[in-house]
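A.B. asks: Let me give you the structure first, and then I'll get to my questions.
Numbering (the working numbering), first residue to last: 32 to 126.
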């Protein structure tokens, strides 16, 4: 009866997993994922600001709103890249 259970349910051997990713690699993967999400939002925001600018029809308040949206999108991506740089430098320091 126990032989059937062992063949159905595979159990792992106790021990150290030598190829497990380290904490720095996991943090790097999470950072890359979050930076990808931020990049997608920035692209969407830039497209929206471009559409706002094109459809403003000379309305100065709409043009200014589109310019501010584009400006803050660029500021956001620069901030995200700066944060990535800081986190990677901290990771290198503690390696």
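Cβ coordinates follow ideal geometry from the N, Cα and C atoms, glycine included. These numbers were taken from a predicted model, which means no experiment stands behind them.
1) Does the Cβ of residue 88 have 16 or more other Cβ atoms within 10 Å, making it buried, or fewer, making it exposed?
2) Checking 8 Å against the spacing of the C-beta atoms, do residue 81 and residue 108 come in under that value?
3) Under 8 Å: do the stretch 108 to 121 and the stretch 63 to 77 share three or more Cβ pairs, one atom per stretch?
4) Where residue 57 and residue 94 are concerned, what is the direct C-alpha to C-alpha distance, given to the nearest angstrom?
5) Could you give the DSSP three-state label for residue 126: helix, strand or coil?
6) Would you mind giving the Cβ-Cβ distance between residue 122 and residue 51, rounded to the nearest angstrom? I have them listed as a contact below 8 Å.
7) Report the three-state DSSP secondary structure of residue 100 (helix, strand or coil).
8) Just tell me which of 120, 124, 115 and 125 has its CA closest to the CA of residue 64.
C.D. replies: For this structure:
1) Mapped onto the chain shown, residue 88 falls at position 57. The residue in question, residue 88, is exposed, as its Cβ has fewer than 16 Cβ neighbours within 10 Å.
2) Working through the chain shown from its first residue, we reach residue 81 at position 50. Working through the chain shown from its first residue, we reach residue 108 at position 77. Contact: no.
3) yes
4) Within the chain shown, numbered from 1, the residue matching residue 57 stands at position 26. Within the chain shown, numbered from 1, the residue matching residue 94 stands at position 63. Answer to the nearest angstrom: the Cα atoms are 43 Å apart.
5) Translated into positions along the chain shown, residue 126 becomes position 95. Coil.
6) Taking the chain shown and counting its residues from 1, the one referred to as residue 122 is at position 91. Taking the chain shown and counting its residues from 1, the one referred to as residue 51 is at position 20. 17 Å between Cβ atoms; not a contact.
7) Within the chain shown, residue 100 is the residue found at index 69, counting from 1. Three-state result, residue 100: helix.
8) Taking the chain shown and counting its residues from 1, one reaches residue 64 at position 33. Ranking the options by Cα distance to residue 64, first place goes to 115.
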